[in-house]
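Report on the following structure.
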Amino acid sequence: MKLLKRIFLLSILMIIIGIGASLTLKAAIGVMGFDALTQSISFLSGIKVGTVGMILNCSFVLGQWILLRKDFNFRHLLQVPMSILIGIVINFIFYDVLGSFIFDHYIVKLILLLVALIILAFAIGAVMALDVVTFALEGFCMALAKKTKWNFVLVRQGIDIVCILLVILLTFGFSLQLTIREGTIIGMLTLAPLMGYFMKRIQPVFRKLGLTNEEVEKIDANKNSVKAV
8 MKLLKRIFLL
18 SILMIIIGIG
28 ASLTLKAAIG
38 VMGFDALTQS
48 ISFLSGIKVG
58 TVGMILNCSF
68 VLGQWILLRK
78 DFNFRHLLQV
88 PMSILIGIVI
98 NFIFYDVLGS
108 FIFDHYIVKL
118 ILLLVALIIL
128 AFAIGAVMAL
138 DVVTFALEGF
148 CMALAKKTKW
158 NFVLVRQGID
168 IVCILLVILL
178 TFGFSLQLTI
188 REGTIIGMLT
198 LAPLMGYFMK
208 RIQPVFRKLG
218 LTNEEVEKID
228 ANKNSVKAV
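In our numbering, the protein residues as written are 8 to 236.
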């Protein structure tokens with residue numbers, strides 16, 4: 008019953024993430040590396056951006072299965088429906104709900120981006136606090152780091168660099184609209200601190216509601232008892 012509640016809450020948070028991601032795309036002043044790549048591929052192929060995201064994220068899950076094999080479990084598999092849910096929400100909000108809206112003024116676009124980043128930071132921070140599943144890209148980076156013994160942070164940063172390089176190649180190679188702009192830098196500077204801010208405040212709430220990961224709680228408790236000794 009507890010797991011079902013956590014998965015239900017996770018689904019709601021994924022919908023919120025899809026809404027936030029749609030708003031960053033609609034602001035059209037630059038998005039984060041992976042989102043920039045999905046949008047560039049969308050421009051090139053004509054496939055909806057949410058669908059491109061689904062395909063790439065499911066590819067990352069497949070990559071985890073190849074790397075982890077016997078260690079691949081339900082938590083990893085759960086990334087597939089969650090990635091599909093986010094993609095569906097992005098397609099619905101970006102094309103159907105916001106498709107007819109045109110934002111001409113730069114200040115409006117900037118405000119829209121900032122609101123979107125706050126929404127994303129809240130929802131992603133809550134997902135991390137809930138600790139039911141990791142995002143497909145992060146999961147792939149963790150699996151790659153585990154398999155190669157490389158540092159996770161370096162692997163994650165390396166993926167971002169690859170995404171940005173691919174965006175630049177696609178943009179100038181096929182004369183596409185540039186998806187890496189000032190919004191990319193704003194997101195890089197603000198998203199992580201905002202996530203940390205929300206996560207610290209959400210964790211105690213989830214703990215009181217009994218929605219946190221019991222195994223992680225036990226590990227933290229053991230660490231604290233060791234420190235006390």
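Note that CB positions come from ideal geometry on N, CA and C, so glycine has one too.
- Annotation for Thr31: the continuous alpha helix (DSSP H) segment containing it runs 9-34.
- Per the coordinates, the alpha-carbon of Gly40 lies some 7 angstroms from the alpha-carbon of Thr191.
- In this structure, DSSP gives Val169 a helical state, which the three-state scheme calls helix.
- If you compare the alpha carbons of Asn98, Thr45, Asn80 with that of Asn64, the shortest gap goes to Thr45.
- Contact between Ala130 and Ile23 holds: their C-beta atoms lie close to 4 angstroms from each other, under 8 angstroms.
- Counting along the chain, Trp72 sits inside the alpha helix (DSSP H) bounded by residues 56-75.
- A Cβ-Cβ contact shorter than 7 angstroms links Gly37 with Arg188.
- Under the 10 Å beta carbon count, Ala199 is surrounded by fewer than 16 other beta carbons and is classified as exposed.
- DSSP, reduced to helix, strand and coil, places Ser49 within a helical segment of the structure shown.
- Within the same chain, Phe159, Val162, Arg163, Ile166 come within 8 angstroms of Cys148 by CB-CB distance, once the 5 residues on both sides are set aside.
- Between Ala133 and Met202, the C-beta gap is not smaller than 7 angstroms, which leaves the two residues out of contact.
- Thr186 is positioned such that its CB atom lies no closer than 7 angstroms to that of Ser66.
- Considering only Phe50, Leu20, Ser49, Asp42, the residue with the shortest C-alpha distance to Gly194 is Asp42.
- In the three-state scheme derived from DSSP, where H, G and I count as helix and E and B as strand, Gln210 is classed as helix.
- In this structure the segment 102-117 does not touch the segment 67-85; the number of beta carbon pairs closer than 8 angstroms is below three.
- With contacts defined as CB atoms closer than 7 angstroms, Leu30 and Ala150 fail to qualify as a contacting pair.
- The beta-carbon distance between Met89 and Met135, rounded to whole angstroms, is 13 angstroms. This is too long to meet the 8 angstroms contact definition.
- Just so you know, the alpha carbons of Ile118 and Ile125 end up roughly 11 angstroms apart.
- Look at Leu119 here: in three-state DSSP terms it is helix.
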